[in-house]
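Numbering (my numbering), first residue to last: 81 to 428.
Structure, as structure tokens:
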Ligand SMILES: Cc1ncc(COP(=O)(O)O)c(C=O)c1O
């Protein structure tokens, strides 16, 4: 019988990132806030046009698209989507055209949000941007792009928002195996893994990959402990909606790999840092950005990672995490968003 690991190895894949990304220890952060030692899994350093979590998903998504004969990719996101930027970079690398359908989903209209950050990088990478207001606009743009391509005899493949389907999720099954190998080599006893979630493929892949690592007796000398928990921190939709997406991605991806879904107690989905919603900064997230920048020289982003890190800081503050065990924060990237949100950081 095929093992999940051999099923993963057999999936079409194209090389896009620099692996393994570093796993680094935050000593100065610990001096500042106490609690357990926090380690950063630096997927913001994935090596593809300012990095981020989508690189791992795109290796499988574009591997499959190339196997299907694609000569171009269409994908979707909010105007400042990191997924769109990484897709544009991957397409540039692979010689594919890239159409980005970007929705004005956040109520920010200043020059920074509209023209800097990811939007600037998308343009530099040669993507074609279709900026629309809502779902109807997305559909209209999609129809226009696909009918033009059909008339020209081209093969465009559509990658869903966030790259979160059973194929993209494989990227983080692989990412989890990489993480547990590193954690094992460093002999870490990890109580908690923390990650931001919007379309939930990153979290689902991490949960499933941790289960695969457990089935292998741990990927290294220790691997995940029997009680290691994944905190899935919602930054896009409320916990109930995100949990439903997370669970269906777990089911679909587990079926594809022929493995069990993790027991529900192994992950906890929380929206304690969602604040006023997607893309709306919070005071706790701003604090997280300042703190990690000034203690570790590491940049979080205002939309995803800062909210997830604020959750971790709240857990430390509430004494939820044992001082003698470790925590891994999966840094999923997003730093171009800092420039898009420049006015939110103005002082004085
Ligand atoms: C920087 C960053 N972190 C986290 C996420 C969340 O990943 P996922 O969509 O897989 O939940 C995203 C996705 O948009 C992102 O851009």
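Idealized CB from N, CA, C, for every residue including glycine.
Worksheet item: Near residue 95, what residues of its chain come up, given a Cβ to Cβ distance below 6 Å and the 5 sequence neighbours on each side ignored?
Response: Within the chain shown, the letter at position 15 stands for residue 95. Cβ neighbours of residue 95 beyond the five flanking positions: none.
Worksheet item: Apart from the five residues just before and just after residue 242, which ones in its own chain have a Cβ nearer than 7 Å to its Cβ?
Response: On the chain shown, position 162 is the one that residue 242 refers to. Excluding positions up to five away in sequence, the list reads 163, 278, 279 and 281.
Discussion item. Quick check: is any heavy atom of ligand 1 less than 7 Å from the C-beta of residue 155?
Written reply: The residue labelled residue 155 in the question sits at position 75 within the chain shown. Checking every heavy atom of ligand 1 against the Cβ of residue 155, none is found closer than 7 Å.
Worksheet item: Less than 7 Å between the CB of residue 163 and some heavy atom of ligand 1, yes or no?
Response: Counted from its first residue, the chain shown places residue 163 at position 83. It does: the Cβ of residue 163 is within 7 Å (strictly closer) of some heavy atom of ligand 1.
Worksheet entry | Straight-line gap, residue 146 to residue 155 (C-alpha atoms, nearest Å) | As a first step, residue 146 must be located in the chain shown, where it is residue number 66. As a first step, residue 155 must be located in the chain shown, where it is residue number 75. Rounded to the nearest angstrom, the two C-alpha atoms are 15 Å apart.
Discussion item. Contact between the stretch 227-236 and the stretch 119-134 is defined here as three or more beta-carbon pairs at a separation below 8 Å; is this criterion met?
Written reply: no
Worksheet entry | Other residues of its chain near residue 84: CB distance less than 8 Å, five sequence neighbours each side excluded | Against the chain shown, residue 84 aligns to sequence position 4. 253, 292, 295, 337, 338 and 339, listed in sequence order.
Worksheet item: Would you call residue 380 buried or exposed, if buried means 16 or more other Cβ atoms sit within 10 Å of its Cβ?
Response: On the chain shown, residue 380 is found 300 positions in, with the first residue counted as 1. When all chains shown are included, residue 380 counts as buried.
Discussion item. From the DSSP secondary-structure annotation, give me the bridge partner or partners of residue 179.
Written reply: As a first step, residue 179 is located in the chain shown; it is residue number 99 there, counting from the start. Paired residue(s): 154 and 208.
Worksheet entry | Extent of the continuous beta strand (DSSP E) run through residue 425 | Here residue 425 is taken as the residue at index 345 of the chain shown, counted from 1. Unbroken run through residue 425: none, as it is neither H nor E.
Worksheet entry | Alpha carbon of residue 267 to alpha carbon of residue 180, nearest angstrom | Residue 267 sits at position 187 when you count from the first residue of the chain shown. Residue 180 sits at position 100 when you count from the first residue of the chain shown. Each residue's Cα considered, the two are about 43 Å apart.
Practice prompt. For the stretch 126-144 and the stretch 409-416, state whether three or more C-beta atom pairs, one from each stretch, are separated by less than 8 Å.
Written response: yes
Worksheet item: Residues in its own chain within less than 6 Å of residue 150 by CB, not counting five upstream and five downstream?
Response: Working through the chain shown from its first residue, we reach residue 150 at position 70. Counting only Cβ-Cβ distances below 6 Å, and skipping sequence neighbours, we find 235 and 237.
Practice prompt. Please say whether residue 183 and residue 212 have beta carbons closer to each other than 8 Å?
Written response: Translated into positions along the chain shown, residue 212 becomes position 132. Translated into positions along the chain shown, residue 183 becomes position 103. In this structure, residue 183 lies closer than 8 Å to residue 212 by Cβ.
Worksheet item: Alpha carbon to alpha carbon, what distance is there between residue 82 and residue 424?
Response: Position 344 of the chain shown, counted from the start, is the residue given in the question as residue 424. Position 2 of the chain shown, counted from the start, is the residue given in the question as residue 82. Residue 424 and residue 82: Cα-Cα distance of roughly 51 Å.
Discussion item. Does residue 175 pass the burial test, meaning 16 or more other C-beta atoms within 10 Å, or should it be called exposed?
Written reply: Walking along the chain shown from the start, residue 175 turns up at place 95. Burial call: exposed.
Worksheet item: Considering residue 411, what are the terminal residues of the beta strand (DSSP E) in which it resides?
Response: If you number the chain shown from 1, residue 411 lands on position 331. From DSSP, the beta strand (DSSP E) with residue 411 extends over 406-411.
Worksheet item: CA-CA distance, residue 270 and residue 407?
Response: Along the chain shown, one-based indexing puts residue 270 at 190. Along the chain shown, one-based indexing puts residue 407 at 327. Rounded to the nearest angstrom, the two C-alpha atoms are 5 Å apart.
Worksheet item: Does the distance from the C-beta atom of residue 97 to that of residue 142 stay below 8 Å?
Response: Residue numbering aside, residue 97 sits at position 17 when the chain shown is read from its first letter. Residue numbering aside, residue 142 sits at position 62 when the chain shown is read from its first letter. Cβ atoms of residue 97 and residue 142: not closer than 8 Å.
Worksheet item: What residues match up with residue 276 in a beta bridge as DSSP calls it?
Response: Numbered from its first residue, the chain shown carries residue 276 at position 196. Its beta-bridge partners are 313.
Worksheet item: Using a threshold of 7 Å, is the CB atom of residue 82 nearer than that to any non-hydrogen atom of ligand 1?
Response: Against the chain shown, residue 82 aligns to sequence position 2. Result no, Cβ not under 7 Å from ligand 1.
Worksheet item: Nearest to residue 102 by alpha carbon, out of 400, 334 and 258?
Response: If you number the chain shown from 1, residue 102 lands on position 22. Ranking 400, 334 and 258 by Cα distance to residue 102 puts 258 first.
Discussion item. Considering only the alpha carbon of each residue, which of 352, 335 and 360 lies closest to residue 88?
Written reply: Here residue 88 refers to the residue found at position 8 of the chain shown. If we check each option's Cα against that of residue 88, 335 comes out closest.
Practice prompt. Go to residue 350, then tell me how far its beta strand (DSSP E) extends in each direction, as first and last residue.
Written response: Residue numbering aside, residue 350 sits at position 270 when the chain shown is read from its first letter. Note, residue 350: beta strand (DSSP E), 347-350.
Item to complete: Grab me the residues of residue 244's own chain with a C-beta within less than 7 Å of its C-beta, minus the 5 sequence neighbours each way, in chain order.
Response: By 1-based counting over the chain shown, the position of residue 244 is 164. Counting only Cβ-Cβ distances below 7 Å, and skipping sequence neighbours, we find 279, 280, 281 and 329.
Practice prompt. Kindly indicate which residue of 115, 366 and 107 has the alpha-carbon position closest to the one of residue 396.
Written response: On the chain shown, position 316 is the one that residue 396 refers to. Measuring from the Cα of residue 396, the nearest candidate turns out to be 115.
Worksheet item: From which residue to which residue does the alpha helix (DSSP H) around residue 362 run?
Response: For this step, residue 362 is matched to residue 282 along the chain shown. Looking at the DSSP string, residue 362 is not in any alpha helix (DSSP H), and its letter there is neither H nor E.
Worksheet entry | Beta-bridge pairing of residue 236 - partner residues as DSSP gives them | Here the question's residue 236 lines up with position 156 in the chain shown. According to DSSP, which records beta bridges pairwise, residue 236 is partnered with 152.
Practice prompt. Just mark residue 207 as buried or exposed, buried being the case when its beta carbon has 16 or more other beta carbons within 10 Å.
Written response: As a first step, residue 207 is located in the chain shown; it is residue number 127 there, counting from the start. Buried: at least 16 other Cβ atoms inside 10 Å.
Worksheet entry | DSSP bridge partner residues for residue 42 (one or two, in chain order) | What is shown of the chain runs 81 to 428, which leaves residue 42 out entirely.
Worksheet item: Would DSSP call residue 341 helix, strand or coil?
Response: Reading the chain shown from its first residue, position 261 is the one you call residue 341. It is coil, neither helix nor strand.
Discussion item. Ligand 1 and residue 413: does any heavy atom of the ligand fall closer than 7 Å to the residue's C-beta?
Written reply: The sequence position of residue 413 within the chain shown is 333, counting from 1. True, at least one ligand heavy atom lies under 7 Å from that Cβ.
Discussion item. Does the distance between the C-beta of residue 384 and the nearest non-hydrogen atom of ligand 1 fall short of 7 Å?
Written reply: Within the chain shown, the letter at position 304 stands for residue 384. Residue 384 Cβ: within cutoff of ligand 1.
Discussion item. Suppose contacts are defined by Cβ-Cβ distances below 8 Å. Is residue 350 in contact with residue 319 by that definition?
Written reply: Numbered from its first residue, the chain shown carries residue 350 at position 270. Numbered from its first residue, the chain shown carries residue 319 at position 239. Yes, they are a contact pair.
Worksheet entry | Check: residue 282 C-beta below 7 Å from any heavy atom of ligand 1 | Taking the first residue of the chain shown as position 1, residue 282 is located at position 202. The answer is yes for residue 282.
Worksheet item: Which of helix, strand or coil does DSSP assign to residue 270?
Response: Numbered from 1 along the chain shown, position 190 holds the residue referred to as residue 270. Of the three classes helix, strand and coil, the one that applies to residue 270 here is strand, per DSSP.
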